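In UniProt numbering, the protein residues as written are 1 to 230. Positions of the beta carbon are idealized from the N, C-alpha and C atoms, including for glycine. Because the structure is a prediction, the values reported are computed rather than measured. Below is one structure, written out as structure tokens; the observations come after it.
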């Protein structure tokens, strides 16, 4: 009888300990995820290498045990999507308003420091995100429409003209069929984000005089400067 009581007590203790461990893990995961993440690129996981397939024009914010997402109008859409509750789960599920549609769903594959890797179930493609520090938000009024800029970073330089609120022209694009391309700008959780056709998202950091500072996130951060031209 005594032995049975001991066994029952041990089982209860183990169950409580397991629940406590799971709770602590969930709390730590929620703490690490909390904040805003900017999309970088999608790569094929089978290769074992970082092969850039296409830009990931999407942003994620984790708060209150949920994920909120917003993308470009041509990729994910600019409407904010809200996930199901993620407590004790590594799955991000955005339920569709249309019952006939398959929910947008991702598994969290890996998270370390400022890097987050997610994937669609039964897919070999990994989506890479980087965490945005809150000090990269700004409250300046930065205008782009109707302006021309000399654009440079450590890899290239170009001239870019934001012709309208949705079309731009770049000197480097010589093809007659592609004289203009699309662009858009969104504010998400206080971050100023610039999307350009087929490119990774750009974070607009600030403006100093005639120079606008931007940043993209790859394996390493790349700083960009756009200097206004007359």
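Subject >> Limits of the unbroken beta strand (DSSP E) element including residue 130 >> reply: 125-131
**OP:** Helix, strand or coil for residue 58, going by three-state DSSP, please let me know.
**Re:** In this structure, residue 58 counts as strand in the three-state DSSP scheme.
Subject >> DSSP beta-bridge partners of residue 68 >> reply: Residue 68 is bridged to 61 and 82.
**OP:** Compute the beta-carbon to beta-carbon distance between residue 106 and residue 120, rounded to the nearest angstrom, for a pair I have assumed lies under 8 Å.
**Re:** Between residue 120 and residue 106 the Cβ distance is about 6 Å, and since that is below 8 Å, they are a contact.
Original post:
Under 7 Å from any heavy atom of the ligand ATP, does the C-beta of residue 192 make it?
Top reply: The ligand ATP is absent from the structure shown, which contains no ligands of any kind.
Original post:
Between residue 150 and residue 229, which are expected to be in contact by the criterion C-beta below 8 Å, what is the C-beta distance as a whole number of angstroms?
Top reply: Right, their Cβ atoms sit about 6 Å apart.
Original post:
Hey, would you say residue 59 sits closer than 8 Å to residue 77, going by beta carbons?
Top reply: No. Outside cutoff.
**OP:** Tell whether a beta-carbon distance below 8 Å holds between residue 82 and residue 68.
**Re:** yes
**OP:** Assuming residue 102 and residue 118 form a contact by the criterion Cβ under 8 Å, report the distance between their Cβ atoms to the nearest whole angstrom.
**Re:** Contact between residue 102 and residue 118 does not hold, since the beta-carbon distance rounds to 17 Å and is not under 8 Å.
**OP:** Give the secondary structure of residue 33 by DSSP, where H, G and I count as helix, E and B as strand, and everything else as coil.
**Re:** helix
Subject >> Other residues of its chain near residue 130: CB distance less than 7 Å, five sequence neighbours each side excluded >> reply: 37, 38, 40, 114, 115 and 217
**OP:** Use the C-beta contact count for residue 221: other C-beta atoms within 10 angstroms, 16 or more gives buried, fewer gives exposed.
**Re:** exposed
Original post:
Does DSSP put residue 116 in a helix, a strand or coil?
Top reply: Here residue 116 sits in strand by DSSP.
Original post:
Given that a residue counts as buried once 16 or more other Cβ atoms are within 10 Å of its Cβ, and exposed if not, what is residue 28?
Top reply: Summary for residue 28: the model assigns pLDDT 45, below 50, so the residue's position carries little reliability; its value from the coordinates is reported in the next sentence. Exposed, since its Cβ has fewer than 16 Cβ neighbours within 10 Å.
Original post:
Which stretch, first to last residue, makes up the beta strand (DSSP E) that contains residue 168?
Top reply: 167-170
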